[in-house]
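Structure record follows, encoded as structure tokens.
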Amino acid sequence: MLSPESIVAVHDKGTVQLELSFHQKWIASAGSDGGLLLRLVENQEKAVICKPHNYRRNGCTALVFSRDSQHIVTVGDQSTINCWNWEFTNHGSVKAQAAGDYLERVLHSLGSQHDQENTALEAMPPVSEEPTEEQSTWLEAVEEKVHKAEDEKYADCKSELRREIGQLRGRLLEMIDSNEGAPDLERLDREEFILDMEQHDRLQAEEDQQIQQVKEEIQLSSLAKMFLRQQIKSECWDSMAVKGKIIKAFRGSLEVSNYPMMSRSENEVRELARVKTLRTVEQADREARNEAVDILRKAAQAKDEVEEEEEEGGDEGAAKEEGEEGDAGALYGSHGPKFGGGCEFLYSQFELHSPVARKHQITLLKDCMHRIAETFNKEFEEVARLKQAEIARIREKNVRISKIIQQLQLTEQLVQPTLQSEEQPEGMLTVQDEEVRVEKYLSPEERQKEEEAMRLEEERKLAEMGDNPRERALDMMMGGRLEANVEEDLFKDLPRPDFMQKDPAERTEEEIRAALEFEKKEAEFLEEREKLRKALEGELRKLQSTIAQAMDNFDERLRKLFDLKINTEMALHQVVNYSIV
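Residue 1 is where the sequence shown starts when you use full-length UniProt numbering, and the numbers rise one by one after that.
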């Protein structure tokens, strides 16, 4: 049993690499703490310590001495290499030189011995890893003879079996090919051609197991994503009382955003109610004390009206000025009250002496900022609804414009404004069908339900058409229309009688009279068509100008909202400054 001669502290962390010098006098150790320690083999209490590598990057992973032991090379985890060399004194350099000479002599003797060993190894015969017949055991030789005898005995039978299996395989493939071209009633399932059912069942079970494993992995991944989505939605979306939104102008790059506002917590609502209640009590107490002072003052005036009449009048004017200054000094010079930020509970700026009053004032100022933002958001929502209404009216006009363009065969483009994603942020949480670029997967049950729903809908429509004589009459007599469309009829050419194709000299008198009547009717028809064309062009220009005017009016309203946003920002910053001061 081995026992240590001495135990010394080496490194603080992890794995330690040890290396002994070639002259076997020094021992070096390096560890994951990044330190390099050098000790004498005879005396290990003293050590030379250095830090070549960072312990956060797993420290030192390898070290080695040079042959002369004058250099030490260390390797770090991040592919960093450090080389260390000794700096000797005069006495130490003499000893190092002597040790180096001794090492050279040892290496020279070892080199000559190594050459002799190589010469002897080259003269030896090669040794094969595969056992020969002479090297094999008696049992292995008997087994090999038995196998050779069986192969020779059953060689014809094995070849015949291989040939028959090949023929059966060819016949089976021909049957599969002919089955593919057979009628539906005569066609067999692919499973009917499976011969090894056990192998098929085993492969099918393995495939089902792999499919189930993939499904479970996908379900777990989807579940993790759904959980993360729900967390983000509840923290960043559901917690918002007012979602961030932008209104963009129809023309130009002007856009106005609202103030996103988070829902007030119960603690904030409770604190605001408490502060308002305290302020109500404080104001009532102050009014009562002012009334008591007025009563005492009036009594003093009644006692000595002659001497103190002027002084008491001056005091009343001063008290009145102080009261007005106390009411108006809370937001003096601020535009907050103009934009819905006024509050009768605010302290006067000359009453904020105690920390409690300042804390209450900050709570009330936060409520002022909240109400200023709410006031602007109400105006913002009104403009947003106005834009949606304008877009709906423009779409209605575009239906008529597209019909006129089709009738006049023009190439003008329709103005079709739409709401962008920034203007309807709730749409970001909904995936539209056109956004999905891959085909939707339907399970067999879902596909069957969809086909059944389509079949029932088709049967319902057919039943309605069969039971509704009104619809049948419209389809048969008037093409599904209750009124005649004069515009479409005018843009259709009049059917020309067959005799109009004849030469005028070959026409009869009746055909000549009918031709004159048709030409007169055709001239009137073309005149009516031209009038209708001009009327439609005028209607088209009027509709386009109406749309342009509506868009310009909305952009002007949006510019006013932008000016209101600037003033609201100014009022908010003023209230913020009051809360900081």
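The beta carbon of each residue, even a glycine, is placed where N, CA and C say it ideally should be. Being a predicted model, the structure only gives us computed values, none of them experimental.
Counterpart residues of Gln17 in DSSP-defined beta bridges: Answer by DSSP bridge pairing, in chain order: Ala30.
Alpha carbon to alpha carbon, what distance is there between Val383 and Ala389? Our two residues, Ala389 and Val383, have alpha carbons roughly 10 Å apart in a direct line.
Counting Cβ pairs, one atom from each stretch, are 3 or more of them under 8 Å apart for the segment 284–294 and the segment 371–380? Put simply, the segment 284–294 does not touch the segment 371–380. Fewer than three CB pairs are less than 8 Å apart.
Would you kindly check if the distance between the Cβ of Ile372 and the Cβ of Ala241 is under 8 Å? The answer is no: Cβ separation not under 8 Å.
Does the structure place the segment 197–210 close enough to the segment 223–231 that three or more beta carbon pairs sit under 8 Å? Touching, no, given that fewer than three Cβ pairs across the two stretches are closer than 8 Å.
Would you decide whether Arg279 is buried or exposed? Buried here means 16 or more other CB atoms lie within 10 Å of its CB. Around the CB of Arg279, 16 or more other CB atoms lie within 10 Å, so the residue is classed as buried.
Where in the segment 152–204 do unbroken runs of the alpha helix (DSSP H), each at least 4 residues long, occur, reported from the N-terminal end onward? Runs of the alpha helix (DSSP H) inside the segment 152–204: 155–180.
Quick check: the Cα distance between Phe554 and Ala249, rounded to an integer number of angstroms? Rounded to whole angstroms, Phe554 to Ala249 spans 8 Å at the Cα level.
What residue from Arg105, His53, Ser79, Val48 has the CA that sits closest to Asp68's CA? Asp68 has its Cα closest to that of Arg105, out of Arg105, His53, Ser79, Val48.
May I ask you to report which of helix, strand or coil DSSP gives Val75? Annotated three-state conformation of Val75 is strand, per DSSP.
Would you please state the rounded distance, in angstroms, between the beta carbons of residue 639 and Ala28? I believe it to be under 8 Å. Since the first residue of the chain shown is 1 and the last is 581, residue 639 is not available in this structure.
Would you mind giving the Cβ-Cβ distance between Phe562 and Val214, rounded to the nearest angstrom? I have them listed as a contact below 8 Å. For Phe562 against Val214, the beta-carbon gap comes to about 54 Å, at or over 8 Å, which does not count as contact.
Taking buried to mean at least 16 other C-beta atoms within 10 Å of its own C-beta, is Tyr102 buried or exposed? Of the residues assessed, Tyr102 falls on the exposed side of the cut-off, its CB having fewer than 16 other CB atoms within 10 angstroms.
Is it right to say Ile547 is buried, meaning 16 or more other beta carbons lie within 10 angstroms of its own, or is it exposed? It is buried - the Cβ of Ile547 has at least 16 other Cβ atoms within 10 Å.
Bridge partners - Met262, DSSP secondary structure assignment: Bridge partners of Met262: Met240.
Under 8 Å between the Cβ atoms of residue 582 and Ile246? For residue 582 there is no data in the structure shown, the boundaries of the chain being 1 and 581.
Give the straight-line distance between the Cα atoms of Ile404 and Lys531, rounded to the nearest whole angstrom. C-alpha separation (whole angstroms): 14 Å.
For the 8 Å Cβ check, are there 3 or more pairs between the segment 414–422 and the segment 445–454? No, the segment 414–422 is not in contact with the segment 445–454.
To which residues does DSSP link Leu63 through a beta bridge? For Leu63, which the question treats as bridged, DSSP gives the partners Thr74.
Could you check whether the segment 254–269 touches the segment 394–413, counting it as contact only if at least three pairs of C-beta atoms, one from each stretch, sit closer than 8 Å? They do not touch, by the three-pair rule.
Neighbourhood of Ile194 by C-beta distance below 6 Å, restricted to the same chain and skipping five residues each side: His200.
Terminal residues of the alpha helix (DSSP H) in which Lys403 lies: Start and end: 355–408.
Helix, strand or coil for Val256 per DSSP? Val256: strand per DSSP, three-state reduction.
Contact check, Thr74 vs Asn85, beta carbons under 8 Å: One thing to note: Thr74 has its Cβ no nearer than 8 Å to the Cβ of Asn85.
Tell me the DSSP secondary structure of Asn82 in three-state form. In the three-state DSSP reduction, Asn82 falls in the strand class (E or B).
Span separating the alpha-carbon of Asn290 from that of Ala284: Each residue's alpha carbon lies about 10 Å from the other.
Taking C-alpha atoms, which residue in Arg513, Glu510, Leu386 lies nearest to Arg557? Taking Arg557 as reference, the option from Arg513, Glu510, Leu386 with the minimal CA-CA separation is Leu386.
7 Å Cβ shell around Lys25 - same chain, five flanking residues per side excluded: Result list for Lys25: Leu40, Val41, in chain order.
Would Gly59 and Gly100 qualify as a contact pair, given that the criterion is a beta-carbon distance under 8 Å? Using a Cβ distance threshold of 8 Å, Gly59 and Gly100 do not count as a contacting pair.
By the three-class DSSP mapping on this structure, what secondary structure does residue 583 have? Since the displayed the chain opens at 1 and closes at 581, residue 583 lies outside it and no answer follows.
Can you look up Ala249 in the DSSP assignment and give me helix, strand or coil? Residue state, collapsed to three classes: coil.
Between which two residues does the beta strand (DSSP E) carrying Arg39 extend? 36–40 is the extent of the beta strand (DSSP E) around Arg39.
Compare the Cα-Cα distances from Lys243 to each of Arg251, Leu462, Met551, Met428 and report the closest residue. Ranked by Cα distance from Lys243, the options Arg251, Leu462, Met551, Met428 are led by Met428.
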